[in-house]
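Residue numbers (this note's numbering): 2 to 262.
Even for Gly, the Cβ is constructed at its ideal location relative to N, Cα and C.
These numbers were taken from a predicted model, which means no experiment stands behind them.
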Ligand code: NDP
Ligand code: 8X3
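Quick look at the structure:
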């Protein structure tokens with residue numbers, strides 16, 4: 002908690018699931034953290050800000066609407082972000098925003114779905130990281146935590162696009178970490194297995210019954226479970242890099258190895 006006290010943390014995709022839980026977990030761990038919460042849905046971010054306010058009066062929260070799939074919006078975000086108060090103080094970037102659309106097989110995947118997954122999960126994450134690295138280099142400090150997935154290690158049928166975006170996150174993270182070995186900047190990837198969030202609702206385009214079926218007879222991880230790991234990774238001594246983490250619920254052996262009751 003002491004190590005995270007007063008830190009300035011930017012989270013993408015903070016409006017639900019893992020990102021939302023991560024924001025709350027930072028505040029529970031270090032009540033005086035300074036959070037920049039971003040996502041496309043501003044209303045959910047405002048609600049989260051209110052919830053954080055009821056947990057801690059010492060936390061500072063800046064809510065910013067940001068669509069990471071749009072490079073122009075990322076540029077706008079960085080131009081608008083107050084320099085001395087927020088930008089120059091940034092300590093941690095959590096690249097969490099991401100999504101999956103459908104389970105269609107190659108040949109049947111809508112171009113729009115390919116683009117939204119790549120633009121969000123890959124290009125968005127790269128563009129956010131490119132913006133942050135010069136700031137971190139100038140201070141020779143900072144932590145980048147990327148949320149990958151088991152899908153990036155173990156591709157499955159119907160996941161060609163999503164799985165390949167997460168494989169890209171993995172490779173990008175590893176190159177970056179190796180590029181920065183002459184600095185004090187830390188780079189980490191956390192690969193969750195099954196986590197119950199809005200992820201499957203988004204995958205099935207709002208069909209809640211299809212989403213619920215994914216979690217039937219199993220006990221998935223929660224956003225909080227992953228949030229605790231993000232906080233652990235961020236809160237180590239500055240010389241400690243937890244480069245790579247794979248996390249499953251106990252019933253899951255791999256992307257397509259699931260024990261159902
Ligand atoms: P949720 O759908 O609950 O949350 C996804 C978050 O990403 C939302 O806050 C959403 O906000 C945001 N997001 C989506 N598109 C954009 C965009 N273009 N710009 C900015 N924010 C965006 O799912 P999870 O919490 O599960 O997902 C978080 C991360 O975890 C993702 O990267 C996902 O791939 C990964 N993951 C999830 C697993 C799971 O089983 N749930 C397993 C492994 C990895 P908004 O819609 O408001 O923009
Ligand atoms: C989410 C896990 O296996 O449903 O990243 O793609 S999986």
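Residue pairing from DSSP places residue 253 in a beta bridge opposite 259.
Secondary structure of residue 116 (DSSP, three-state): helix. Exclusion of residue 207 from the 7 angstroms shell around ligand 2 follows from its C-beta lying no nearer than that to any non-hydrogen atom of the ligand. Contact between residue 202 and residue 217 does not hold, since their C-beta atoms are separated by about 14 angstroms, which reaches or exceeds 8 angstroms. Judged by DSSP in its simplified three-state form, residue 128 adopts helix. Residue state for residue 237 is assigned as coil, using DSSP reduced to three classes. The beta carbons of residue 23 and residue 231 sit about 5 angstroms from each other, so the pair counts as a contact at 8 angstroms. By the neighbour-count criterion, in which a residue is buried when 16 or more other Cβ atoms sit within 10 angstroms of its Cβ, residue 208 is exposed. The three-state reading of DSSP puts residue 21 in helix, counting H, G and I together. In this structure, the beta-carbon distance from residue 153 to residue 164 falls below 8 angstroms.
The DSSP-derived three-state label of residue 187 is strand. In this structure, residue 190 lies near residue 171, with their beta-carbon atoms less than 8 angstroms apart. Residue 40 is bridged by DSSP to 66. Assigned with DSSP and collapsed to three states, residue 86 falls in coil, not helix or strand.
About 12 angstroms separates the CB atoms of residue 166 and residue 96; that is not less than 8 angstroms, and the two are not in contact. Distances from the CB of residue 57 to the heavy atoms of ligand 2 are all 7 angstroms or more.
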